[in-house]
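Have a look at the structure below before the remarks.
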Amino acid sequence: MAFLTEPQDSDNDILSVFELPLETGSKIYYAEDLEELGFLNLLDGFSNEIRKTLLLHAQTLADIKPELAFHFLLKVGDLLKFIKPEALDKWVALVLDISDVEGLNPAKEFILALNDHPLFIRHWGEGVSFFEVHGILQNYVHALGNQDFHLEPGPNHYTDTQTIYVPERISVFPRKEDNALLYKIMITHKFLQTKLGTYGLDLNKLHQVEHTAAFQTNEHFRKDATPPLSRFWNLFSDPLLAEDLFNFFETIRIEAWIKENLPGLFREMNRLKKQLGLKRKINSKLPPKSLIVHNLINRWLTGDIIPLREPALAKVAEDMGQFLDSLGLSRTTVEDTAAAVLGAYGKLDGIPGFYDPVTPVLFMGRLKPEEAERGRQKRREATRVKFREELAKMIQDLPQCDQVEIEIPGTDDAPEDKNKSLPQQQVPSELLMDGNPVPIPEAMRKIITEIYEDLGAIPGAYVATADDMSGHSFRSLCQTPTGTSNILSEHTAGVHVYDEWDYRRKGYRKRWVLLRESDATMGDSDFSNEVLERYRGMIQSIKRQFERIQLSQVLLKRQKDGDRIDLDAAIEGFADQHAGLIPSERVFAHMRRNKRNIATAFLIDLSGSTKGWINDMERTALLILSEALQVLKDRFAIYGFSGRTRKRCELFRIKGFEEAYGETIKERISGLEPLDYTRMGPPIRHLTGILKQVEAQTRLMITLSDGKPDDYDIYKGQYGIEDTRQALLETRQAGIHPFCITIDKAEHHYLSHMYGPANYVFIDDIAKLPVKIPEIYRKLTT
Amino acid sequence: MQNQIKPIEAYYIEDEPYYLPSHNEVNIFTEAYRNHLPVLLKGPTGCGKTRFMEYMAWHLKRPLLTVACHDDLTSGDLVGRYLIQGNETVWMDGPLARAVKAGGFCYLDEIVEARKDTTVVIHPLSDNRRILPMEKKGEVLTAAPEFMLILSFNPGYQSIMKDLKPSTRQRFVSLEFDYPEEAGETAIVSKESGVDEDTAKRLVRLGHMTRNLKEKGLDEGGSTRLLINAGKLIQSGISPHDACQAAITHTLSDDREMQQSMNEMISSLF
């Protein structure tokens, strides 16, 4: 980057960024101190344009926390070695974010740490970060197959059959696309490990186990608790070698599947394999066993055979090649891999020396049988619960839900036996309830498919005895015990219990949140009177706009068909006929009734961050909107929410649907005050429930918020966003349209993720809220 | 203004349409026809319902009148109306009346989209009476024995407003359509678009991947029709990647992230 040096005459512009004296944590700086530090010359190396930009950024920082501007200016020269000036917008926004959420010192640390800070690395580090690709690859892994996989960053790369853990960042290749491709390969590979049964090795199918003399039984070999893979590796005297061979050979088997089913990916993989191979440095000091394995891996990666000097070793290496070929065929099973491992291990056994584990190939990752077993149990349990829930739903539709006799064709009466492998059955299309055939809905069929894939049949225990099946007792099956330090109690009137979505486990935490609905406190009428007086003109103009929407009945003339005759057209027709012209056939008129049948619920964020100006503007906007809505006669309700922890979510009813707008409502709006935190999921769910009861053709839920979901406990960041998103999905499924009006200055990607890209709007100037909100409402509902 | 009316003969299907049966649908439809029962075809868009209709009309040698239903379609459009022709008002039969008179098949595609007043004409035709009341004419038509009423319905897009009431549904024999299983779908894609079997296989796999995303980001997975469209583009010389993007990705989703995910799927296959 080259900077132009021009003579500067604005000596003092740097100093005017902040008010002097400047107080920092350690010292107070006067103008002379800053000059001594060399402040005046900090921006000397930059062109006029860049200098201006930098000063603007410094000013932005100084307006919030002058100390941050101070450190920024001191560091900016170094900073620009790592990012371009155009990226500073985002960088400064990040600094302010950190300062808002965590405070001055963490923000200062971020500035001082330059390119070493983890957040910096995440945004501007080299290569590709998990956070950049995660949304795209999450959809991709869902598309690959039916199972629900979750992607997460972690220090080790592996899968436990529920979650795939990948590195936080990959910067192996010079090209960004190749790093992203490596993520994709890693994820596909782990997905296939699960699909193709890598962890499901059935030792009973390996006949060679007893007959080969090459290994001895290890003390670790315990029949019951150890997963089959661990047991297999421990059959060998060097389990690490067996593990590495197994991992490698499985990768080849998986690759054969990719070759047949995902030919595009196979082609790209080969390209990357060559590059990976070239990066691997062969260390000739490796013990011979390791050398051969290394050699073999290299051969697989690049196709080249690196000659080994010792003829004995070279011979063994060549022989090992046959295993690569046999596993490269399609339709092999994991037992074939195990057999190959036995064979290969046997060949290596004759070579003297120990085995020093070779560097694994990046995308292979590790195999963790214990975790996979835990994952499998978790998934099995989750499927069992889902199955019971779906069954409960089907029963609830029946008129009598106390005693129901369920029979599913193909149910296995024997208890779940992990080692039994039954041939997979066809999913039945109906089951019997009290002897009557009932069709099985799609959601249920998917679950039954999963159970069949896992166990082969539905265990009798899943279809429990009849009295367990009534809807209510199902819910109590899933209840988590509530603690004793609740601020709200479940048994108080007006308190509702809601589930919360935990994105990490892709499931609901049952009965997790307590929410209380109560009337909003009254304020005084001074505020509302003042607002209505001051904004009288604006209110009139908005009312006029709304009046225009009101025209509900339209007479469409000159129609081909209709409920009355359009006299004008008919007369013209006669005239035309007399004139010898052919009359038009459009002689009818039709009264189109555009009945406006809308109900809207407004949900206002009353968190502490709205204190001051924002709160004033919110209240003003609400008053104005309520006044204007009187023209339309649309039904509307206003609720405010706040809360602190999951045990105390508060929803304040400012105006219910059945309440008429009047003095009481005005005073409640005036009385709105900023409170605590923003746990958005529960109020959305509650309001969805309220809106569901309202009869209207179109139902809207409009949220007014100043930022991301946030609460005292875990409800922030990804967790809060995902629960809010899930709650909004539930809202949409109920036929209600959610929409968000935000004044959050920070980046809005999370809003797109929660509400959908078209369903939110950002108002940059809070002062415009009173005008904008009615406008948005009008646009949404016409 | 003269209206050109196609003679009923023009609605007969001369050449055998290509249709690959998946279950017993041809037999069931034929027997329903013989028993004078109306049929409801259920299934997602683009999985062969219309093609099946063409096949059955050809097979049973009846004329096929298809009506694409939309929310301005009233019973008047189906039954007929008075038109001014020259000096006179002339009654013009709608497609339903024509089918009833000629003993043809009247196929109402996506019936839930039409106005509710269409129920008034559907009900009498779909129960034992098999009559069509023509209010404006003051007549009642009795259906010829070969007449058959067929409705199609996509259970996926369920809005509270647009639903088939049980009183309507229970008059019909229902045939459920779904995407064909893999081998069948590959054959169909290959035959209809002209691509070779290997390409067809990859397209079908892409279709399966998109269907796995139903309710995990996509409203509906890609239908067989979408895959055929992509195939046709490929056969015309467009690169597989571009063809799939145009015919499948951008048709199914407007969301940036989802489009990029679909790109990843396409580049895994081609």
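Those protein sequence lines, which keep their order, are chains A and B. Sequential numbering from 1 applies to the first sequence in my numbering. Sequential numbering from 1001 applies to the second sequence in my numbering. Ideal Cβ positions, reconstructed from N, Cα and C, are used throughout, including at glycine.
Practice item. Output, in chain order, the set of chain A residues within a Cβ distance shorter than 8 Å of R1081 (chain B). Key: K560, D561
Check your understanding: If we ignore side chains and look at the alpha-carbon of each, how far apart do I1005 (chain B) and I582 (chain A) end up?
Key -> 18 Å
**Study point:** Proximity test, Cβ basis, 8 Å: N419 (chain A) and chain B
**Key:** With a pLDDT of 43 at N419 (chain A), under the threshold of 50, the modelled position of this residue cannot be trusted, and the question is left open.
**Study point:** Three-state secondary structure (DSSP) of K557 (chain A)
**Key:** strand
Review point. Whole alpha helix (DSSP H) runs in the segment 100-152 of chain A with 4 or more residues, listed along the chain?
Key: 104-113, 118-124, 130-144
**Study point:** Where K285 (chain A) falls, given that 16 or more other Cβ within 10 Å makes a residue buried
**Key:** exposed
Check your understanding: If we call anything under 8 Å between Cβ atoms a contact, is Y639 (chain A) one with Y677 (chain A)?
Key -> no
**Study point:** Residues sharing a beta bridge with M591 (chain A), DSSP
**Key:** A:L555
**Study point:** Rounded straight-line distance, which links the Cα of C1244 (chain B) to that of I1234 (chain B)
**Key:** 8 Å
Exercise for review: Determine the DSSP secondary structure at P770 (chain A), reduced to helix, strand or coil.
Suggested key: helix
Review point. For the segment 575-588 of chain A, which residues have a CB atom closer than 9 Å to at least one CB atom of chain B, in sequence order?
Key: Q577, I582, P583, S584, E585, V587
Review point. If you measure from the beta carbon of P288 (chain A) to each beta carbon in chain B, is any gap under 8 Å?
Key: no
**Study point:** P1021 (chain B) versus B:D1198, B:I1248, B:E1181, residue with shortest Cα-Cα distance
**Key:** B:E1181
Point to revise | Distance between D349 (chain A) and L327 (chain A) (C-alpha atoms, nearest Å) | key: 21 Å
**Study point:** Near-chain B residues of the segment 240-271 of chain A (beta-carbon distance less than 8 Å), N- to C-terminal order
**Key:** N261, L262, P263, G264, L265, E268
Check your understanding: If you pair each beta-carbon of the segment 570-587 of chain A with each one of the segment 625-641 of chain A, do three or more pairs fall below 8 Å?
Key -> no
Check your understanding: Under the three-state reduction of DSSP, which class applies to F657 (chain A): helix, strand or coil?
Key -> coil
Practice item. Hey, could you find the ends of the alpha helix (DSSP H) Q275 (chain A) is sitting in? Key: 263-279
Review point. Between the beta-carbon of G127 (chain A) and the beta-carbon of F191 (chain A), is there less than 8 Å?
Key: no
Check your understanding: Which one of A:I136, A:I83, A:G135 has the shortest CA to CA distance from I111 (chain A)?
Key -> A:I83
Review point. With C-beta atoms as the reference, is F246 (chain A) less than 8 Å away from P287 (chain A)?
Key: no
Check your understanding: Which value, in whole angstroms, describes the spacing of the CA atoms of H686 (chain A) and A93 (chain A)?
Key -> 34 Å
Review point. How would you call P757 (chain A), buried or exposed, if buried means at least 16 neighbouring beta carbons within 10 angstroms?
Key: exposed
Review point. What are the boundary residues of the beta strand (DSSP E) that P437 (chain A) is part of?
Key: 436-439
Practice item. Flag D1255 (chain B) as yes if its beta-carbon sits less than 8 Å from any beta-carbon of chain A, otherwise no. Key: yes
Practice item. Return no unless some Cβ of chain B is closer than 8 Å to the Cβ of L780 (chain A). Key: no
Practice item. Could you work out which residues of chain A lie near Q1170 (chain B), taking near to mean beta carbons separated by less than 7 Å? Key: Chain A residues near Q1170 (chain B): none, gap ~15 Å exceeds 7 Å.
Practice item. Go ahead and label S1268 (chain B) buried or exposed: buried means 16 or more other beta carbons lie within 10 angstroms of its beta carbon, across all protein chains shown. Key: buried
Review point. Would you call the CB atoms of R1272 (chain B) and G1104 (chain B) closer than 8 Å?
Key: Outside the shown range of chain B, which is 1001 to 1270, sits residue 1272 (chain B), and nothing can be said about it.
Check your understanding: Taking the runs of the beta strand (DSSP E) that are 3 residues or longer, which of them lie wholly in the segment 1155-1229 of chain B?
Key -> 1173-1176
Review point. In chain A, which residues lie with their C-beta within 7 Å of the C-beta of Q1260 (chain B)?
Key: I136
**Study point:** Buried or exposed (CB count within 10 angstroms, at least 16 for buried), R505 (chain A)
**Key:** exposed
Check your understanding: Just reading off the beta strand (DSSP E) that L1148 (chain B) is part of, what are its end residues?
Key -> Per the sequence shown, residue 1148 (chain B) should be read as Met rather than Leu. Unbroken beta strand (DSSP E) run through M1148 (chain B): 1148-1153.
Practice item. Use the C-beta contact count for W613 (chain A): other C-beta atoms within 10 angstroms, 16 or more gives buried, fewer gives exposed. Key: exposed
**Study point:** Stretch-stretch touch, CB-based, cutoff 8 Å, three pairs: the segment 1007-1021 of chain B with the segment 1029-1042 of chain B
**Key:** no
Exercise for review: Tell whether a beta-carbon distance below 8 Å holds between G1080 (chain B) and F1177 (chain B).
Suggested key: no
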